[in-house]
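Residue numbers are given in the working numbering: position 247 of the sequence shown equals residue 247, and the series is strictly consecutive.
Encoded as structure tokens, the structure appears first; notes follow it.
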Amino acid sequence: MVLLLLLISLCVLLLYYYWTRLHTYWLRRNVPCLKFSFFGNSRNASMLKITIGESLQMIYRKYEGYPFVGIYELTTPVLLLRDPKLIKCVLVKDFASFQSRGVMINEHSDPLSANLININGQRWRKLRTKLTSAFTTSKIRHVFELITEVSEKYKQFVDQYADNEEPVEFRNLAAKFTSEIIATCFFGLKTNTIQNGDSEFRKMCKRVVDPSLEIAMKRYIRDYMPRIFKWLSVRLIPLDVTAYFMKIVKEVIAHRQMNNVTRNDIMQALIDLRYKETKMENAPGQSRNVAFESNDIVIDDRLITAQAFLFFLAGFETSSTTISFAMYELATNPKIQEKLYDEIQNAYEKHGCFSYDTISEMKYLDCVVRETLRKYPPIGSTQRICEESYRIPDSDVVLEKGTKVLVPIYAIHHDPLYYKNPHVFDPDRFIGENKKLHDNGTYLPFGNGPRICIGMKFAYTATKVGLVTLMANYKVELSEKTAIPLQFEPTSLTLTSKSGIWLRIRRRLQE
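Next up, the structure:
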């Protein structure tokens, strides 16, 4: 009996010690911190009441003046960064100590998760180096003609809504444009998703990107309970979606190889990585295809599909949400809308067409896109894992290996210290010298450093073409269904309006 009591007492003491160590983790390191909570410090986001970006903004504002603050994700200590200089150290200067995003993946059960965003180490480094060539300015110039072909179809489709008294939901409207661009430029497919909203490709797009409680809960388990996520082999991407994209990629590769077809699209760049031509010893002049291997990385069909899926997801979501948010702000601010229209008209009169160079010369268009991404960053935060002991500059705080650090992108973009009246949509923030003021780590819609979004240039280009197509031909106005102010959907991976973006379209009278 005495022995049993001693064992119980010992267990209680051990639990108390463990709990106290958790409770005081940041206090013992002299880090300003929120009070420990078993359910973590982002309860509202965990309960899907607000987005994680908004939740981190609340913490960010509470610790004004501090370079960083300690928080907890369930029982895991996490450091939230506030100082732009420190953020630049983590993402750029001291990247060697923070290379990993720390995202748990189940590659065998969820092969599409093995993409450039999620993989780490030498595998990431080598793949990133090889894929960079697919997103150079010259490559985007090559696919620009494909983008403009899609924009012509898009205009014809939008025409049916012009001068209609019924408002149109713009996220869905923009998604038709971006999904067709992704199908054309990335997969080399003619899916007609603009006219045919019931196409299989469009259905698969919606399965992946539409807000879902089930997917949100799976992401929660992945981010806050990674061991359970791995043990259960949780699948984020539905099995039929995985099978669909695997089938597409295999068919595209087989068709191009059998028919010796080469296209100026992103898929071709991936295929070129998959195969290298080798001369057959006993068949001069002929060649055969072999899988490309480089030490610990094998570029096979599965890996190509994972990257193609990533580019689809990132390009589709970033461009469609940015276009819809931009149209919302242009409808809310008619003077800005007319100023942009004037620039578009002047550029067309000067060049007679909308080429890649014409789009690139539109400075105010660039400002509108950048301000939209400032106010509505696609991802509310980004994270890194400390891969070795790291002393935070100008402090005595040493981060342990394995510590997660968070960069609150949404909060920084809405900090009045860096953006006066951050709730106001003001493209002039990015005109001329003003643009340089935000190159100090306070503008992060695509991240920063070696792990900055690889498809950033493509996303900018697709977004600009979409906006030019709409603004050159139509006016947009607020309607009785327009939500003011916008509220964001907590279950969505990217920043999305909870009730949609409903606007009325008016055809412009061409003189």
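Positions of the beta carbon are idealized from the N, C-alpha and C atoms, including for glycine.
Using a Cβ-Cβ cutoff of less than 6 Å, which residues in the same chain neighbour residue i once the five nearest sequence positions on both sides are dropped?
i: Arg391; result: Val398
i: Ala175; result: Ser320
i: Ala411; result: Leu56, Gln57 and Tyr60
i: Glu169; result: Gly500 and Trp502
i: Gly449; result: Leu91, Val92 and Phe95
i: Pro211; result: Glu489, Thr491 and Ser492
i: Gln337; result: Leu330
i: Asn282; result: Bear in mind that a pLDDT of 40 at Asn282, under 50, signals an unreliable position, so the number given afterwards is only what the model happens to contain. Here the set comprises nothing.
i: Ser324; result: Phe170, Arg171, Ala174 and Ile501
Which partner residues of residue i appear in the DSSP bridge assignment?
i: Ile385; result: Ser100 and Lys404
i: Phe170; result: Bridge partners of Phe170: none, in fact.
i: Leu69; result: In the sequence under discussion, the amino acid at residue 69 is Val, which differs from the Leu named in the question. According to DSSP, Val69 bridges with Leu80.
i: Arg391; result: Val398
i: Lys475; result: Arg506
i: Phe488; result: Ser497
i: Cys33; result: Gly70
i: Pro445; result: Gly447
Have a look at residue i and residue j and give me their C-alpha separation to the nearest angstrom.
i: Gly500; j: Thr332; result: 15 Å
i: Asp94; j: Gly441; result: 14 Å
i: Cys205; j: Thr132; result: 25 Å
i: Val424; j: His108; result: 46 Å
i: Thr76; j: Leu232; result: 20 Å
i: Leu478; j: Phe177; result: 21 Å
i: Pro32; j: Phe68; result: 8 Å
i: Phe446; j: Ile452; result: 6 Å
i: Gly285; j: Thr242; result: With a pLDDT of 43 at Gly285, under the threshold of 50, the modelled position of this residue cannot be trusted; read the value that follows with caution. Computed Cα separation, rounded: 38 Å.
i: Gln383; j: Glu400; result: 16 Å
i: His514; j: Asn196; result: Past the boundaries of the shown model lies residue 514; the chain is included only from 1 to 511, so the question cannot be answered.
i: Gln345; j: Ala472; result: 7 Å
i: Ser492; j: Val209; result: 8 Å
i: Lys335; j: Glu214; result: 42 Å
i: Arg28; j: Tyr72; result: 14 Å
i: Ala114; j: Lys218; result: 17 Å
i: Ile253; j: Gly188; result: 10 Å
i: Thr229; j: Arg222; result: Sequence check: residue 229 is Phe here, not Thr. Cα to Cα, the separation comes out at about 5 Å.
i: Ala347; j: Glu433; result: 22 Å
Select from the options the residue whose C-alpha is nearest the C-alpha of residue i.
i: Tyr224; options: Ala45, His438, Thr482 and Asn421; result: Ala45
i: Tyr460; options: Thr372, Glu64 and Phe488; result: Thr372
i: Pro378; options: Arg384, Val369 and Ile385; result: Val369
i: Lys475; options: Tyr63, Gly53, Val150 and Asp163; result: Asp163
i: Glu480; options: Lys203, Leu503, Lys49 and Thr496; result: Leu503
i: Lys190; options: Ile147, Ile105, Ile505 and Asp357; result: Ile147
i: Gln525; options: Arg207, Ile140, Pro485 and Lys457; result: An answer regarding residue 525 cannot be provided, because it is not within the stretch 1 to 511 covered by the chain.
i: Ile271; options: Leu470, Asp426, Glu317 and Arg302; result: Arg302
i: Thr193; options: Glu251, Val261 and Asn172; result: Asn172
i: Met327; options: Ile505, Val92 and Leu495; result: Ile505
i: Ile409; options: Asp394, Ser381, Ile385 and Pro393; result: Ser381
i: Asp357; options: Thr137, Lys401 and Arg274; result: Thr137
i: Thr469; options: Leu365, Lys203, Pro393 and Lys85; result: Leu365
i: Val158; options: Thr494, Asn30 and Leu467; result: Leu467
i: Asp110; options: Phe245, Leu127 and Ala472; result: Phe245
i: Asn421; options: Lys375, Ser389 and Ile221; result: Lys375
i: Val234; options: Leu112, Glu54 and Leu417; result: Leu112
i: Pro416; options: Gly65, Lys85, Ser151 and Arg29; result: Gly65
i: Ile431; options: Ser151, Ile181 and Cys367; result: Cys367
i: Val249; options: His414, Leu486, Thr305 and Arg28; result: Thr305
i: Leu444; options: Tyr418, Thr463 and Lys464; result: Tyr418
i: Ser42; options: Leu127, Tyr220 and Arg202; result: Tyr220
i: Pro427; options: Ile105, Ile484, Ala462 and Met362; result: Met362
i: Glu514; options: Lys126, Leu127 and Ile181; result: With the chain represented from 1 up to 511, any question about residue 514 goes unanswered, as that position is not in the structure.
i: Leu48; options: Arg508, Leu509, Arg507 and Lys498; result: Lys498
i: Arg516; options: Ile117, Leu127, Asp83 and Asn434; result: A query on residue 516 cannot be resolved here, the shown segment of the chain reaching from 1 to 511 and no further.
i: Arg508; options: Tyr161, Ser355 and Ala216; result: Tyr161
Report, in whole angstroms, the separation of the C-beta atoms of residue i and residue j, which I expect to be a contact under 8 Å.
i: Val143; j: Asn264; result: 6 Å
i: Val407; j: Leu81; result: 5 Å
i: Thr403; j: Leu79; result: 6 Å
i: Glu387; j: Ser97; result: 6 Å
i: Thr494; j: Glu317; result: 5 Å
Only counting the same chain, and skipping five residues up and downstream in sequence, which positions put a Cβ closer than 8 Å to that of residue i?
i: Phe186; result: Asp265, Ile266, Met267, Ala308, Phe311, Phe312 and Gly315
i: Arg167; result: In the sequence on display, residue 167 carries Pro and not Arg. Around Pro167: Ser479, Glu480, Lys481, Thr482, Trp502, Leu503 and Arg504.
i: Ser100; result: Asn120, Gly121, Arg384, Ile385 and Glu387
Suppose the cutoff is 7 Å on Cβ atoms and the five residues either side in sequence are ignored; what does the same chain contact list for residue i look like?
i: Ser360; result: none
i: Lys339; result: Tyr364
i: Phe135; result: Ile454, Gly455, Lys457 and Phe458
i: Arg207; result: Pro238 and Val241
i: Lys155; result: Thr469 and Asn473
i: Ile87; result: Leu81, Val407 and Gly441
i: Pro485; result: none
Kindly say whether residue i, judged by its beta-carbon, lies nearer than 8 Å to any beta-carbon of chain B.
i: Ile147; result: Absent from the structure is chain B; it holds one protein chain and no more.
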